[in-house]
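Enquirer: Numbering (the working numbering), first residue to last: 6 to 157. Just so you know, even glycine gets a beta-carbon here, dropped at the ideal spot from N, CA and C. Predicted model only: the values in this text are computed from it and were never measured.
1) I want to check one thing, is the minimum distance from the CB of residue 35 to the heavy atoms of the ligand COA below 7 Å?
2) Which residue's Cα is closest to the Cα of residue 73: 122, 16, 138 and 91?
3) Report the start-end ranges of each beta strand (DSSP E) in the region 71-123 that is 3 residues or longer and not cut off at the edges.
4) I need the DSSP call for residue 39, collapsed to helix, strand or coil.
5) Opposite residue 153 in the DSSP bridges: which residues?
6) According to DSSP, which residues form a beta bridge with residue 44?
7) In terms of DSSP beta bridges, what is residue 133 paired with?
8) State the start and end residues of the unbroken alpha helix (DSSP H) segment that holds residue 138.
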């Protein structure tokens with residue numbers, strides 16, 4: 006999870022088992038300053054798609070948890086949404102699920118003078134992914150990837 010803040014990490018720990026029980030997946034949790042305020046953003050998904058009712062239910066559950074735990078000592082906005090067409094790829098299972106789809110990877114350090122690669126996910130395992138940007142497959146270890154998402 007991208008949750009590098011203690012709030013995002015705590016919410017992730019609480020939300021993952023909760024969502025699994027609802028047949029939903031926690032894709033990402035972000036807690037950051039945007040404009041003049043703070044946003045706690047949860048991105049959820051399922052194999053059958055996300056309905057508005059799913060977002061409402063998760064929002065209520067997370068809101069109750071936050072009220073009880075009192076994790077955030079200042080005003081914030083809670084946002085729960087689906088990942089959309091350009092879904093972030095966070096875990097090895099995400100990459101494996103979307104083999105055959107187009108993805109954009111941003112690397113920590115340049116490879117052959119580039120940090121951004123776009124192409125078809127050819128394969129994925131527990132240690133990395135093979136992406137074909139049109140010139141043959143290139144293997145990337147997950148620890149070299151800083152950001153990845155599907156492209157439509």
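Expert: So, from the data block:
1) The ligand COA is not part of this structure, which contains no ligands at all.
2) 16
3) 82-86 and 107-116
4) Residue state, collapsed to three classes: strand.
5) 110
6) 37 and 82
7) 146
8) Note, residue 138: premise wrong, no alpha helix (DSSP H); not H, not E.
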